[in-house]
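Using my numbering, the letters of the sequence shown correspond one by one to residues 39 to 329.
For reference, the structure is listed below as structure tokens.
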Amino acid sequence: MLLIDYRILVWLIRWGLDMVKIWTQEEEIKLRELYPRIITTDICSILNRTRGAIINKANGLGLRKPMCSRNLCNRKSRRKDFFIESYFEEINSHEKARILGLIWADGSVHTKDGHYNMSIQLQECDGYILEYIKNTLKSNRKLIFIKSRNINWQNTYILNLSSKYMNNSLAALNIVPNKTYAKLSPIVPQQYINSFVLGLFEGDGSIVINKNSPKIKIANNYETCSWLKDSISPILDIGGGVYKDTHSNSYSWAVHGRHQVIKIAKWMYKNIDINTVMLRKYNKFRENGII
Numbered sequence: 039m040l041l042i043d044y045r046i047l048v049w050l051i052r053w054g055l056d057m058v059k060i061w062t063q064e065e066e067i068k069l070r071e072l073y074p075r076i077i078t079t080d081i082c083s084i085l086n087r088t089r090g091a092i093i094n095k096a097n098g099l100g101l102r103k104p105m106c107s108r109n110l111c112n113r114k115s116r117r118k119d120f121f122i123e124s125y126f127e128e129i130n131s132h133e134k135a136r137i138l139g140l141i142w143a144d145g146s147v148h149t150k151d152g153h154y155n156m157s158i159q160l161q162e163c164d165g166y167i168l169e170y171i172k173n174t175l176k177s178n179r180k181l182i183f184i185k186s187r188n189i190n191w192q193n194t195y196i197l198n199l200s201s202k203y204m205n206n207s208l209a210a211l212n213i214v215p216n217k218t219y220a221k222l223s224p225i226v227p228q229q230y231i232n233s234f235v236l237g238l239f240e241g242d243g244s245i246v247i248n249k250n251s252p253k254i255k256i257a258n259n260y261e262t263c264s265w266l267k268d269s270i271s272p273i274l275d276i277g278g279g280v281y282k283d284t285h286s287n288s289y290s291w292a293v294h295g296r297h298q299v300i301k302i303a304k305w306m307y308k309n310i311d312i313n314t315v316m317l318r319k320y321n322k323f324r325e326n327g328i329i
């Protein structure tokens, strides 16, 4: 009796079903839009189709990839790390906006000698957030552990991804090398601002609780803090201001008062799965009856 590896059998069944699965008009439109400019592996993730089904349908529609795109696919096939490089091409979900906010706060992008890199660094206790982001981007990269040489500093984890395509997508959203000094403001669709602010808060934010007047604060450059004030105040009908740190060139956006802090907290968390948030900050709101 011929024995077939179970995983191969599952793949063959899925491949066969996918090849005969009818394409909707919306899927065809999306394929026509994506195929010439996005690597096939990413299209598979977006349309939830096998590579064979994508290529077969593209050939049937007469779609072709430009030479530069084919070269990109060939380079990718030789890489050992893979992820959805087109993830930030369009910010069309609260999840994307929140991750983008965290990158704005604690991420960095680098371009040097033809190498493109994006990294996010968080404290060791927040490493599970990077695991969540890694899984969301379907990356097989392992987190990098950095042991602090200073007993007063935290150990950290780093998620490091290399992609020219992703860096270009982030640059279109004003996340550029040395972004702290670039004097740029975030570019976020209006309907996802609350989730972007949550990511920004998880990276650069803090909450100070005292008996009379709790305070929420996000530290960043002047442009970002001004954007926070101008974006949030009209939406929530609250006050808040931008303040310069007396000991450095950094700024912070801050709001005082229990009523206003409750408004902000509920607004930030309302569209995100609580199981994925940074618990040490979320729990501080809960422990003090703010959420």
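From the three backbone atoms N, C-alpha and C, an ideal C-beta is built for every residue, glycine too.
Taking contact to mean 3 or more Cβ pairs, one atom from each stretch, closer than 8 Å, check whether the region 171 to 187 and the region 241 to 260 are in contact. A contact is defined here as three or more CB-CB pairs under 8 Å, and the region 171 to 187 fails this definition with respect to the region 241 to 260.
Under 6 Å Cβ to Cβ from E127, same chain only, skipping five residues before and after it: list those, please. Cβ-Cβ distances below 6 Å link E127 to S207 in the same chain, with the five nearest sequence neighbours on each side left out; the list follows chain order.
Please name the residue in L85, K217, P74 whose C-alpha comes closest to that of E64. Minimum Cα distance to E64 is reached at L85.
Just verifying my parser: in three-state terms, what is the DSSP assignment at H148? Reduced to three states, the DSSP call for H148 is strand.
Out of E123, S186, S177, which has the shortest C-alpha to C-alpha gap to E162? For E162, the nearest C-alpha among the options comes from S186.
Endpoints, the alpha helix (DSSP H) within which W61 is located: That residue, W61, is in no alpha helix (DSSP H); it is neither H nor E in DSSP.
Only counting runs of 4 or more residues, tell me where the alpha helix (DSSP H) segments fall wholly within the region 219 to 277, in order along the chain. Every alpha helix (DSSP H) stretch that sits fully inside the region 219 to 277 and reaches 4 residues is listed by chain position as 231 to 242, 260 to 274.
Residue nearest to I225 in terms of C-alpha spacing, selected from Y320, G90, T88, A135: Here the closest residue by C-alpha is A135.
Would you call the region 294 to 307 in contact with the region 318 to 328, where contact means no fewer than 3 C-beta pairs closer than 8 Å? Contact holds between the region 294 to 307 and the region 318 to 328, because three or more Cβ pairs, one in each stretch, are under 8 Å apart.
In whole angstroms, give me the CA-to-CA distance for A91 and E66. Going by C-alpha positions, A91 is about 12 Å away from E66.
According to DSSP, which residues form a beta bridge with V293? Answer is I254, bridged to V293.
Would you give the residue range spanned by the beta strand (DSSP E) that S195 belongs to? The residue asked about is misnamed: residue 195 is Tyr in this sequence, not Ser. In the DSSP assignment, Y195 falls within the beta strand (DSSP E) that extends over 194 to 199.
Alpha carbon to alpha carbon, how far is S200 from P252? Those two C-alpha atoms are separated by around 40 Å.
Just tell me which of I196, T78, N205, N309 has its CA closest to the CA of R102. The shortest C-alpha separation from R102 is found at T78.
Helix, strand or coil: which one does DSSP assign to K176? It is coil, neither helix nor strand.
Supposed contact pair T194 and S223 - C-beta distance, whole angstroms, cut 8 Å: The Cβ separation is near 27 Å, so there is no contact.
Are the beta-carbon atoms belonging to I276 and Q298 less than 8 Å from one another? Going by C-beta atoms, I276 is nearer than 8 Å to Q298.
What is the DSSP secondary structure of L99, counted as helix, strand or coil? Reduced to three states, the DSSP call for L99 is coil.
Under three-state DSSP, which class holds M316? When DSSP states are grouped into helix, strand and coil, M316 belongs to the coil group.
Close-in-space but distant-in-sequence residues of the same chain around K80 (CB under 7 Å, 5 per side omitted): According to the sequence as given, residue 80 is Asp; it is not Lys. Cβ within range, chain order: I122, E123, S124.
Beta bridge counterpart(s) of S157 as assigned by DSSP: Under DSSP, S157 shares a beta bridge with S146, N198.
With DSSP run on the structure shown, which of helix, strand or coil describes K282? Strand, per DSSP.
Helix, strand or coil: which one does DSSP assign to G139? Residue state, collapsed to three classes: helix.
Would L266 pass as a contact of V235 if the rule is Cβ separation under 8 Å? Yes.
From D311 to H285, what does the alpha carbon distance come to, in whole angstroms? The straight-line gap separating the alpha-carbon atoms of D311 and H285 is approximately 37 Å.
Just reading off the alpha helix (DSSP H) that I81 is part of, what are its end residues? It spans 78 to 85 - the alpha helix (DSSP H) in which I81 sits, taken as one unbroken run.
Within 10 angstroms of the Cβ of G98, are there 16 or more other Cβ atoms? Answer buried if so, exposed if not. G98 counts as exposed, since fewer than 16 other beta carbons sit within 10 angstroms of its beta carbon.
Leaving out the 5 sequence neighbours to the left and right, which residues in its chain are closer than 7 Å to Y154 when beta-carbon positions are compared? Result list for Y154: S200, S201, K202, N205, in chain order.
I158 and L197 closer than 8 Å at C-beta: Contact: yes.
Would the beta-carbon of I254 fall within 8 Å of that of A292? Result yes, Cβ atoms of I254 and A292 sit closer than 8 Å.
Quick one: is E133 buried, meaning 16 or more other Cβ sit within 10 Å of its Cβ, or exposed? Taking all protein chains in view, the Cβ of E133 is crowded by 16 or more other Cβ atoms within 10 Å, so the residue is classified as buried.
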